[in-house]
Every structure is written in C-alpha cells, then in structure tokens.
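Novice:
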C-alpha cells in the first residue's frame, strides 16, 4: 500500500472510496489536534484554509473527495517531497 493510499484510508475509514467534505474536514481537524499535541504549536490549517483546500480537491463539486481527486491533489506534491529526501 502506498503512503498516499494509507493517508486516504485515514479519511475513508468506512472504505467507501470517497469521503464527504465534512469527513475530510474532520480528518484534517484530527491531524491538526495531533500536531498541536505533539509539537505544542498551533494547528497547521485553519478552517478558512480547509475550505480553500476542499475547493481545490473536490474537482467535480459533488461534495465528496474520492480517491482519484485525492491522488490528483496530493501526488505531485508527495512526489516532489519524496525526491528531496
């Protein structure tokens, strides 16, 4: 399983192949809380930033983030990140 597939499964805990916008935001909030707990720093994404992110990811505007949309949004950035290591 790729790291991106694993990340998507964090959001799609029911295995539907998509997450609603609310489920996606809840996942981001959980990640924010974990970052804050571990680092003591404020959360990386604000609610306004999450809205922008969701608008970017939900290409078809159906109110869901499916696996292909997730990959399309994050794979180019993930590939660049991996190349720097």
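Residue numbers (my numbering): 2 to 86.
Cβ coordinates follow ideal geometry from the N, Cα and C atoms, glycine included.
Every value quoted in this text rests on a predicted model; they were computed, and no experiment measured them.
#1: How many angstroms separate the CA atom of residue 32 from the CA atom of residue 62?
#2: Pull up the distance between the alpha-carbon of residue 75 and that of residue 27, whole angstroms please.
#3: Please check the pair residue 59 and residue 22, which I expect to be a contact at CB under 8 Å, by giving their CB distance rounded to whole angstroms.
#4: Measuring straight from C-alpha to C-alpha, what distance separates residue 40 and residue 47?
#5: Is residue 67 helix, strand or coil by DSSP?
#6: Pull up the DSSP beta-bridge partners for residue 20, would you.
Specialist: This is what the structure holds:
#1: 24 Å
#2: 18 Å
#3: 7 Å
#4: 17 Å
#5: Three-state result, residue 67: strand.
#6: In the DSSP assignment, the residues bridged to residue 20 are 66.
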